[in-house]
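Here's the structure we're looking at; comments come further down.
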Amino acid sequence: MRISRRELSLFLGSAIGGAAAGLHVLPSFAAEDYPARPVAIVVSFAPGGMTDTVARLLGTDLAKALGQPFVVENRAGAAGQVGTEYVARKPPDGYTLLVSATGHVIGPAVQKVNYDPVSDFAVLAILARAPNLLLVHKSVPVSTVPEFLAWMKAEGEVPYASAGAGGSTHLAGELLRTMSGGGLVHVPYKGAAPAINDLAAGHVKMAFQDSMSVAAFIASGDVKPIAVTTLDRSPLFPDLPTLNESGFPGFDLYTWLGFYAPKGTPSDIVQLLNREANRITHQPSTLEWLHKMNCEPAPAFDPQEAAAFVADEVKKWAGVVKTSGVKVQ
């Protein structure tokens, strides 16, 4: 049987078009069936801090809603850079996600990192935020900012704990050191939990930490909050002064948590996880829990708004790094 040139051309065109169409619908097909197996949520800090706690709450509710386990994996180190770089290299299929703190956008300004916080990730949602607190051990004889400054001057050198080099709690300390001229010495930890445990035990006398990670220690009286690092007083601590009003104008730093997937993740999966994350973080039970934990919900951004927020934060923190002069080796 002979096939004419015209028939062959039509056959090839149809076959190629069908193959292309099949390739085109693969992401949508995958998104419709998502998730078909367990999903990893990588947390870029040690267990027990704000990032880990919120990620576990999120994972539990996502599993209930979507019918597959969302399993938290802690990959701590370098103020979140270890876990972040790990996720950036994973396939963009929705099965390896990231929950990280403000260090996600600070890292590139203070050290060489193997990821770009904007171009290497799809932002799924902004989950929560919390003011950072200036804290001292209960044995330190101060309760106000002026008393703290006098104590710091008398001590000469004051080691302070942070959740990791290059994170928001580190930069809060360095900015205060720069603005006050005090002798603050940074002591980095692999997350908020080990840092605050050492503060509560008296191994260090001072720390900057997010308000959620220290809630139980404030309640027990093991640590004392002296000031908040936000521009205005926090509704969570209405009687606690800001550093901004205490002689350090423009001091405005807080911790927020982002939810990410590798860049190129199908848009249907991004939209699904955005809707579910916003639903979970704004449902009444979560709002009540966040308030009890000294934390606030973030705005319910859509993916585009969340991405714009992250891009703006990159610029903001680059300015803070420049002012404080921080560099991480």
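When the sequence shown is numbered by the numbering used here, its final residue is 1538 and no position is left out of the sequence of numbers.
We put the beta carbon where it would ideally sit given N, CA and C, even for glycine.
The straight-line gap separating the alpha-carbon atoms of leucine 1275 and alanine 1520 is approximately 29 angstroms. A straight line joining the alpha-carbon of alanine 1509 with that of valine 1252 spans about 21 angstroms.
When the five nearest sequence neighbours on each side are left out, the beta carbons in the same chain lying within less than 6 angstroms of the beta carbon of glycine 1258 are those of Gly1400, Ala1401, Ala1402 and Ser1422, in order along the chain.
For the 9 angstroms CB-CB criterion, leucine 1445 and proline 1512 do not form a contact. For leucine 1344, the uninterrupted beta strand (DSSP E) segment begins and ends at 1330–1346. In this structure, glycine 1312 sits away from glycine 1391, with a CB-CB distance that is not shorter than 9 angstroms. One thing to note: leucine 1343 has its Cβ within 9 angstroms of the Cβ of valine 1437.
With respect to proline 1475, tyrosine 1243 sits close: the two C-beta atoms are nearer than 9 angstroms.
A distance below 8 angstroms between beta-carbons, with the five flanking residues on each side excluded, links aspartate 1441 to the following residues of its chain, in chain order: Thr1451 and Asn1453.
Counting along the chain, no alpha helix (DSSP H) covers alanine 1507, and no H or E run does either. Taken in chain order, the whole alpha helix (DSSP H) runs of length 4 or more contained in the segment 1401–1476 are 1401–1410 and 1424–1429. For the options Val1537, His1379, Leu1380 and Gly1473, the alpha carbon positioned closest to that of leucine 1333 is the one of Gly1473.
Going by DSSP, alanine 1249 is part of the beta strand (DSSP E) stretching over 1248–1252. A buried status is given to threonine 1495, since no fewer than 16 other beta-carbon atoms sit within 10 Å of its beta-carbon. Measuring C-alpha to C-alpha distances from threonine 1387 to each of Tyr1469, Ile1427, Val1248 and Phe1457 identifies Phe1457 as the nearest.
In the DSSP assignment, serine 1377 falls within the alpha helix (DSSP H) that extends over 1377–1389. Restricting attention to Pro1350, Ser1443 and His1379, the CA atom closest to the CA of glycine 1289 is found in His1379. Only exposed fits alanine 1245, as fewer than 16 other CB atoms lie within 10 angstroms of its CB. Judged by DSSP in its simplified three-state form, glutamate 1514 adopts helix.
At the C-beta level, phenylalanine 1468 and isoleucine 1335 come within 9 angstroms of one another. For glutamate 1282, the enclosing beta strand (DSSP E) starts and ends at 1279–1283. Annotated three-state conformation of threonine 1305 is strand, per DSSP. According to the DSSP assignment, serine 1371 belongs to the beta strand (DSSP E) that extends over 1367–1371.
Straight-line spacing of the CA atoms in alanine 1516 and valine 1351 works out to 41 angstroms. Beta-bridge annotation (DSSP): leucine 1393 is paired with Val1367.
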